[in-house]
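Data block below; observations after.
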Amino acid sequence: MELGRFGIWTFDFEDQPASMLRDSVRELEELGWPAIWIPERDGREALTHAGFLLASTEQMAVVNGIARIDSRGARWTRGAALLLADAYPGRHVLGLGFGGARPGVKPLEAMNTYLDELDTVTSANPLPAQSIRRLLAAYGPKMLGLARDRSEGAHTYHVPVSHTAQAREVLGEKAFLGVEHAVLFETDPGKARAIAREHLHAYLTSKYNVAKFLRLGYTEADIDGGRGSDRLVDDLVFWGDLDTVTAKLHGHLDAGADHVGVQVIGIEPGESAMPHWRRLADSLLPR
1 MELGRFGIWT FDFEDQPASM LRDSVRELEE LGWPAIWIPE RDGREALTHA GFLLASTEQM
61 AVVNGIARID SRGARWTRGA ALLLADAYPG RHVLGLGFGG ARPGVKPLEA MNTYLDELDT
121 VTSANPLPAQ SIRRLLAAYG PKMLGLARDR SEGAHTYHVP VSHTAQAREV LGEKAFLGVE
181 HAVLFETDPG KARAIAREHL HAYLTSKYNV AKFLRLGYTE ADIDGGRGSD RLVDDLVFWG
241 DLDTVTAKLH GHLDAGADHV GVQVIGIEPG ESAMPHWRRL ADSLLPR
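Position 248 of the sequence shown, counted from 1, bears residue number 248 in this note's numbering, the numbering being contiguous throughout.
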């Protein structure tokens, strides 16, 4: 899977009208960004969102990071992904994820069951010349192993560089590893960490995310009741000037990532991170 070394990962499109999305993604393509990653969070449905962005561009890859498996049945996910693969050969990547805690539901078991149905369901939909490209959101060794065995690789979110090295060991040499990482262009440590803590609070109070951080060697003191220690905050959000941020992002590539999706935080809802994406393009992308 070739997505380039760096792409854009953003929540921002959830808060913007279609005209702004279209203008933004077209400029990102003109700047040379090879891929954009979009989540599924506040009601903007993952596959129609991907289709709109694909229709608005000519070459850029659009990656669902993630399409939640509890948002639609496997039959409908397959149907939508088949259409996108047929209409935009090689440009859509179906990133699937468990998408949050549900009482009594085990993520690994739920994902296996979903993939079973995805792989066995039949329909009248014609098969595309290039097959569906699939990734799984994965953190722990068992889900990473499932991503290795039943997809083209894994997508990780809010992890330190040390996790990237561990994930590569589980995935082996051939599977794709795409890593999201948050960045913030703020050089004042107090201001930067305050903004980062606000962004991270939901993840530092989530059962599965806290378990992930503890498994990586952080302590309950690092979790700090959802506040996050300086060490944990600095590992999960790269802040500072452009040179500092871009140097840290390369750490994921050095640790074994194939691709890093860069999430700029500190942007007000409805606003655009485009000024920062332009600066990052100059620093990260080949000319």
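All residues carry an ideal CB built from backbone N, CA and C; glycine is no exception.
- H163 is the residue among H163, T48, N125, W277 whose C-alpha sits nearest the C-alpha of A257.
- Put simply, of W239, F11, R5 the residue whose alpha carbon is nearest the alpha carbon of N64 is F11.
- Here the region 21-33 makes no contact with the region 182-200; the two share fewer than three CB pairs at distances below 8 Å.
- The Cβ neighbour count for V105, taken over all protein chains shown within 10 Å, is under 16; the residue is labelled exposed.
- A137 carries a strand assignment under DSSP once its states are collapsed to helix, strand and coil.
- By DSSP's assignment, A257 forms no beta bridge with any residue.
- Annotation for F213: the continuous alpha helix (DSSP H) segment containing it runs 207-215.
- Y218 counts as buried, since at least 16 other C-beta atoms from the protein chains shown sit within 10 angstroms of its C-beta.
- Scanning the region 14-62 from its first residue to its last, the whole beta strand (DSSP E) runs of 3-plus residues come out as 35-38.
- R68 has G97 as its beta-bridge partners, per DSSP.
- E180 is positioned such that its CB atom lies closer than 8 Å to that of Q263.
- Looking at A194, D230, G51, the one whose alpha-carbon comes closest to that of L82 is G51.
- Shown here, E180 sits in a strand according to DSSP, grouped into three states.
- When rounded, the separation of the alpha-carbon atoms in P103 and Y203 is 18 Å.
- Its Cα nearest to that of A247, the residue S283 stands out among H49, L47, S283.
- Going by beta carbons, R134 and L96 fall inside the 8 Å limit.
- 8 Å or more divides the Cβ of E2 from the Cβ of R41.
- At the C-beta level, V161 and A273 stay beyond 8 Å of one another.
- The C-alpha of Y139 is placed about 10 Å away from the C-alpha of A211.
- Short of 6 Å from the beta carbon of P141, and not among the five residues preceding or following it, lie these beta carbons of its own chain, in chain order: V170.
- Apart from sequence neighbours up to five positions away, the residues of its chain that approach S151 with a beta-carbon distance below 6 Å are R134, L135, L136, ordered along the chain.
- In this structure, the CA atom of L242 is about 40 Å from the CA atom of R72.
- Its chain contains V237, Q263, I265 as the residues whose beta carbon lies nearer than 6 Å to that of A182, once the 5 sequence neighbours on both sides are disregarded; these appear in chain order.
- By the neighbour-count definition (other C-beta atoms within 10 Å, threshold 16), L118 is a buried residue.
- A154 is bridged by DSSP to L136, L177.
- With fewer than 16 neighbouring CB atoms inside 10 Å of its own CB, R278 falls in the exposed class.
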